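Remarks on the structure that follows.
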Amino acid sequence: MSIDYSEKIPNNVDLAGNKTLQRALEHWQPEFLHWWADMGPEGTTSTDVYLRTAISVEPKGWAHFDYVKMPDYRWGIFLTPAEADRKVNFGVHKGEPAWQEVPGEYRSNLRRLIVTQGDTEPASVEQQRHLGLTCPSLYDLRNLFQVNVEEGRHLWAMVYLLHAYFGRDGREEAEALLERRSGDADNPRILGAFNEKTPDWLAFFMFTYFTDRDGKYQLCSLAESGFDPLARTTRFMLTEEAHHMFVGESGVGRIIQRTCEAMVQNKVDDPARLRAMGLIDLPTIQRYLNFHFSVTMDLFGADVSSNAATFYSTGLKGRFDETKIDDDHLLTGATYPVLEVRDGQLVAVPAPALNALNEKLRDDYVKDAVAGIERWNRIIEKSGIAIRLKAPHKAFNRRIGPLSAVRVDPEGRVVPEADWTHRHLQWLPSQADRAFVASLMGRVAEPGKFANWIAPPARGIDNQPVDFQYVRFN
Ligand SMILES: [Fe+2]
Ligand SMILES: [Fe+2]
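If you read the sequence shown in the numbering used here, its first letter stands for residue 226, the second for the next number, and so on.
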């Protein structure tokens, strides 16, 4: 399973043994690089970045660190090793050998799943393309670029499947993935959260904490797929995804730490005074959290969904940790609670479990996301400050599914439209909040120096010191 780096496209899928596929991907490669030059991190063509590159998929081999110019990053195709005698583990085909080719009758659904996942990868690079100009440190700048190149590689992972298994329409989809643009009115990215702006570093850290974590849950479900190449591709993507969530969790944590230290030192808790000191107050952090949490909730799709049922029954997309769940993996006759509004209140009602799989994945995600919020709270608690951050209710600020028809406050109470109008700026970032955060963003690019509003990390990357020259500008 070693990776062939002598090839134009590094890979461990024996691309050289399939000339047609190799030619097709080598034709797509310059288009990808063109997109990167256009939409990747701004003004970085000659910048050397201390990046991690996969050199093998073995646990010890995939994190190799060195200076790389991003356009020279070896974006490649890496699958985790095949599991011998792997089976389809759920749905009507349960127990049959896992598919090495696309089952004809599931072709369009499978393509749709792959395209939807693939579309999020370049979208996030587009959303983050200006952030390098306002980095709070070289350490953070390097982490941003690491996330960006790996999202680029995740696009490669999905494009490989489209080219290798879907013929002409796969190639067309691969081109369309480079044509859509995040936030574009005429040709936007497929999912809502990926058309939002990521205008500042608080938004970036919240995005990598919450929205990359949606990525984790989607990839975990696809890693259970009966279509074996999809399962193997997404498994390797998950090893990279962990770093993205680390960037988010530690980034928000360091902002909280800096604010709390200043609150204690100066005996200040008035947000206006903290802002005057150039710090991000905790209520603003809570509003950003509410925003990113709620737009990410929508990424899981409608609470009750016949598509979700079909994807599961046909063995294409499983549940989180499917094979660790102790049930029949068919879900016929099983139910799962979903929320409905009855008499002006949210109530949980049983829905067929098969149709409620989006909701089930959303709930699994919420547990994971809440655990990290509690780790942020421990930083606040250690400072002796009484404020706590909290995930809003999962029905808060929804745009997708039946809950989008009502207004729900962060506590989960259905509120009249007039209340929402009066109070939503207590719950979600206002223009003034965003303008304030934007006003703090200025480039800090000296080794070991950090912007005033964020604490340094506890340790550096790859055992390097915190004041290491993570990025060299040429
Ligand atoms: Fe990704
Ligand atoms: Fe990611």
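Just so it is clear, CB atoms sit at the ideal spot from N, CA and C, and this is done for glycine as well.
As the structure is a computational prediction, the values presented were derived from the model and not from experiment.
Taking the beta carbon of tyrosine 561 as the centre, do at least 16 other beta carbons fall within 10 Å, making it buried, or is it exposed? Numbered from its first residue, the sequence shown carries residue 561 at position 336. Classification for tyrosine 561: buried.
With DSSP collapsed to three states, give me the class of aspartate 263. Sequence index remark: in the sequence shown, residue 263 carries index 38 (1-based). Of the three classes helix, strand and coil, the one that applies to aspartate 263 here is helix, per DSSP.
If you measure from the CB of glutamate 376, is any heavy atom of ligand 1 nearer than 7 Å? Taking the first residue of the sequence shown as 1, we reach residue 376 at position 151. Checking the Cβ of glutamate 376 against ligand 1 gives yes.
Let me make sure I understand the geometry here. Which of Leu276, Thr359, Tyr331 and Ala399 has the alpha-carbon closest to that of glutamine 254? In the sequence shown, counting from the first residue as 1, residue 254 sits at position 29. The shortest C-alpha separation from glutamine 254 is found at Ala399.
Can you say whether threonine 557 is buried or exposed, counting buried as having 16 or more other CB atoms within 10 angstroms of its CB? Position 332 of the sequence shown, counting from 1, holds the residue named residue 557. Exposed is the call here.
By how many angstroms is the C-alpha of glycine 395 removed from the C-alpha of alanine 497? Numbered from 1 along the sequence shown, position 272 holds the residue referred to as residue 497. Numbered from 1 along the sequence shown, position 170 holds the residue referred to as residue 395. Roughly 53 Å separates the two Cα atoms.
Tell me whether the region 609-617 and the region 505-522 touch, counting them as touching only if at least three CB pairs, one residue from each stretch, are closer than 8 Å. yes
Tell me the DSSP secondary structure of tryptophan 729 in three-state form. Because the chain in this structure spans residues 226 to 699, residue 729 falls outside the shown range and cannot be described.
How long is the line joining the alpha carbons of leucine 387 and histidine 379, rounded to whole angstroms? The residue you call residue 387 lines up with position 162 of the sequence shown. The residue you call residue 379 lines up with position 154 of the sequence shown. Rounded to the nearest angstrom, the two C-alpha atoms are 13 Å apart.
Endpoints, the beta strand (DSSP E) within which glutamate 374 is located: Position 149 of the sequence shown, counting from 1, holds the residue named residue 374. Residue identity check: residue 374 is valine in the sequence provided, not glutamate. That residue, valine 374, is in no beta strand (DSSP E); its alpha helix (DSSP H) goes 363-390.
Residues bridged to aspartate 644 [DSSP beta-bridge criterion]: Position 419 of the sequence shown, counting from 1, holds the residue named residue 644. In DSSP, aspartate 644 forms no bridge with anything.
Using the beta-carbon count (16 or more within 10 Å), is phenylalanine 698 buried or exposed? Numbered from its first residue, the sequence shown carries residue 698 at position 473. Classification for phenylalanine 698: exposed.
Mind listing, in chain order, the continuous beta strand (DSSP E) runs of no fewer than 3 residues lying wholly within the region 530-603? 560-567 and 570-577
Beta-carbon proximity check, leucine 455 vs leucine 463, cutoff 8 Å: Working through the sequence shown from its first residue, we reach residue 455 at position 230. Working through the sequence shown from its first residue, we reach residue 463 at position 238. Not in contact: leucine 455 and leucine 463 (Cβ atoms no closer than 8 Å).
Got a sec? Which residues, its chain only, sit under 6 Å from threonine 548 by beta carbon, not counting five neighbours each side? Within the sequence shown, residue 548 is the residue found at index 323, counting from 1. Closer than 6 Å at Cβ, skipping near neighbours: Asn314.
Tell me whether glutamate 466, by its Cβ, gets closer than 7 Å to a heavy atom of ligand 1. If you number the sequence shown from 1, residue 466 lands on position 241. For ligand 1, at least one heavy atom lies less than 7 Å from the Cβ of glutamate 466.
At what residues does the beta strand (DSSP E) containing phenylalanine 290 begin and finish? Against the sequence shown, residue 290 aligns to sequence position 65. Counting along the chain, the beta strand (DSSP E) containing phenylalanine 290 begins and ends at 289-294.
Can you tell me where the beta strand (DSSP E) holding threonine 270 begins and where it ends? Along the sequence shown, one-based indexing puts residue 270 at 45. Premise fails: threonine 270 is in no beta strand (DSSP E) and is neither H nor E.
Take every Cβ of the region 255-274, pair it with every Cβ of the region 356-368, and state whether three or more of those distances are shorter than 8 Å. yes
Which residue or residues does DSSP assign as beta-bridge partners of aspartate 229? What you label residue 229 is simply residue 4 of the sequence shown in a count that begins at 1. Answer is Asn236, bridged to aspartate 229.
Considering only C-alpha positions, which residue in the set Gly540, Gln352 and Lys619 is nearest to aspartate 453? Locating residue 453 in the sequence shown gives position 228, where the first residue counts as 1. Minimum Cα distance to aspartate 453 is reached at Gly540.
What is the residue span of the alpha helix (DSSP H) that tyrosine 442 lies within? Residue 442 sits at position 217 when you count from the first residue of the sequence shown. Where tyrosine 442 is concerned, the enclosing alpha helix (DSSP H) stretches over 437-447.
Just checking my contact of lysine 294 with threonine 272 at CB under 8 Å: how many whole Å lie between their CB atoms? Against the sequence shown, residue 294 aligns to sequence position 69. Against the sequence shown, residue 272 aligns to sequence position 47. Contact flag correct, Cβ pair sits at about 7 Å.
At a cut of 8 Å, does the region 321-341 reach the region 526-546 through at least three beta carbon pairs? yes
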